[in-house]
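Report on one structure; see the data block that follows.
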Amino acid sequence: MENEKQIRKRLFRRDLKKELLLMLVSIGGLVLLWCLVYALPGSVRRAMTAFATIFSIPLLIMLYMCISWLIRVRRWPLTEGTVEEVFLDDKSPLPMVFARVTYDVDDGSRQQLQIVLSAYGDYEDGCEPKLQKMLSENKEKYENTTIPVFYSPADPKKGIVVLQEAKKAEIPVILMDRMVETQDDSLYTAYVGADFYAEGRRAGEYLIRKAETLDTERFRIVEICGTTDSTPMRDRQRGFMDAISQDARFSVIASVNGDFLRSKGEECMQALLQQYGADGFDVIYSHNDSMMLGALDVLERANDPAVQRIIKITVDGEKEM
0 MENEKQIRKR
10 LFRRDLKKEL
20 LLMLVSIGGL
30 VLLWCLVYAL
40 PGSVRRAMTA
50 FATIFSIPLL
60 IMLYMCISWL
70 IRVRRWPLTE
80 GTVEEVFLDD
90 KSPLPMVFAR
100 VTYDVDDGSR
110 QQLQIVLSAY
120 GDYEDGCEPK
130 LQKMLSENKE
140 KYENTTIPVF
150 YSPADPKKGI
160 VVLQEAKKAE
170 IPVILMDRMV
180 ETQDDSLYTA
190 YVGADFYAEG
200 RRAGEYLIRK
210 AETLDTERFR
220 IVEICGTTDS
230 TPMRDRQRGF
240 MDAISQDARF
250 SVIASVNGDF
260 LRSKGEECMQ
270 ALLQQYGADG
280 FDVIYSHNDS
290 MMLGALDVLE
300 RANDPAVQRI
310 IKITVDGEKE
320 M
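Position 141 (the sequence shown) corresponds to 140 in numbering that gives the first Met the number 0; numbering is contiguous.
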């Protein structure tokens, strides 16, 4: 099994030839174009300069895209995970062996995931010895080993390389909860997740309805955003802003990055209270419940009657909310 360095090296080599060829075409095209222009007589040269400038733009764009793509390949979110535990789930009608994998992501935090290693099929009486054999085989093969982990990137553009590899290997891909920015729909089979734009728009529409019940002329909004430039962050913000943008009563006075974490939501609210005070804003719009829970912890400790009047709007539907 390839490790992280081997995978990254292979992918970089795969794209290097193609991108270098495109870069050579771009540079060669630019050099040839301007050599021809400067070889012309003075009067014709002046007329052709504008023409050459226009044709240089797509060549420069192609050159920029090639360089940025190679940089992206070197930095897309690949890490090495450790199989901490291999265990059997025999309580469901379809017994399976899972691996619990821990890995570090690019923001320094440690994450955990579970992956299916083997599936038995429909449970049947007397299958326990077969299940234990399946478990022991997987333990021997995988426990305490390291495996490459492709994780959900904050930047949706970074996942394209993984999808291209999967397509090349004819592996169907189902995207869960995060989209990638690509015009090529053939890179994935299906997307399973929420409509983040609709969530943001419904949050804005709720605020408008709520405002109709209050005798208030203006509403100052503080927004606690998710991970910068992630799909949920951008779409929830865009949907919310589209819903309220035509209503002069609403203004967003601050947008802060809470990174979808409860601890960061707490930090954001502390900073907002310090900057504006409890009576300095009227609405909190949080991109997820975890950040709002952190913000509520701070508001409760503030022990200020002014916080009771603040409208709180959040997304996700966690049990604690």
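Here a beta-carbon is modelled for each residue, glycine too, at the ideal position from N, C-alpha and C. Because the structure is a prediction, the values reported are computed rather than measured.
Under DSSP, the beta-bridge partners assigned to residue 284 are 222 and 312. Under the DSSP assignment, residue 241 falls in the alpha helix (DSSP H) whose first and last residues are 230-243. Of the other Cβ atoms in all chains shown, 16 or more fall within 10 Å of the Cβ of residue 238; this residue is therefore buried. Residue 191 and residue 175 do touch by the CB rule: their CB atoms are close to 5 angstroms apart, below 8 angstroms.
Between residue 260 and residue 221, the beta carbon gap of about 17 angstroms keeps them out of contact (Cβ cut-off 8 angstroms).
Contact between the stretch 284-303 and the stretch 158-172 is absent: fewer than 3 CB-CB pairs across the two stretches fall below 8 angstroms.
If the five residues before and after residue 311 are omitted, its C-beta is found closer than 6 angstroms to the C-beta atoms of 283, all from its own chain and listed in chain order. Comparing alpha carbon positions, the residue from 70, 41 and 37 closest to residue 15 is 70. Taking a 10 Å sphere around the C-beta of residue 96, we find 16 or more other C-beta atoms and assign the residue as buried. Taking the CA atoms as reference points, residue 203 sits about 17 angstroms from residue 216. Buried is the label assigned to residue 98, since at least 16 other Cβ atoms lie within 10 Å of its Cβ. About 20 angstroms separates the beta carbon of residue 290 from that of residue 243, a gap too long to meet the 8 angstroms contact definition. The three-state secondary structure of residue 264, taken from DSSP, is helix.
In this structure residue 225 is not in contact with residue 199, their Cβ atoms being roughly 11 angstroms apart against a cut-off of 8 angstroms. Per DSSP, residue 163 is one residue of the alpha helix (DSSP H) stretching across 159-167.
Per DSSP, residue 199 is one residue of the alpha helix (DSSP H) stretching across 195-211.
Shown here for residue 210: same chain residues with a beta carbon closer than 7 angstroms to its own, the five before and five after excluded, namely 218 and 248 in chain order. With a cutoff of 8 angstroms on beta-carbon distance, residue 113 and residue 102 are scored as not near each other. For residue 264, the closest of 230, 313 and 308 by C-alpha to C-alpha distance is 313. In its chain, beyond the 5 residues on either side, 44, 47, 48 and 51 have a beta carbon closer than 7 angstroms to the beta carbon of residue 36. The bridge partners DSSP lists for residue 190 are 174. Burial is judged here by how many other beta carbons sit within 10 angstroms of a residue's own beta carbon; residue 30 has fewer than 16 and is exposed. Pairing residue 251 with residue 277, the inter-Cα distance amounts to about 16 angstroms.
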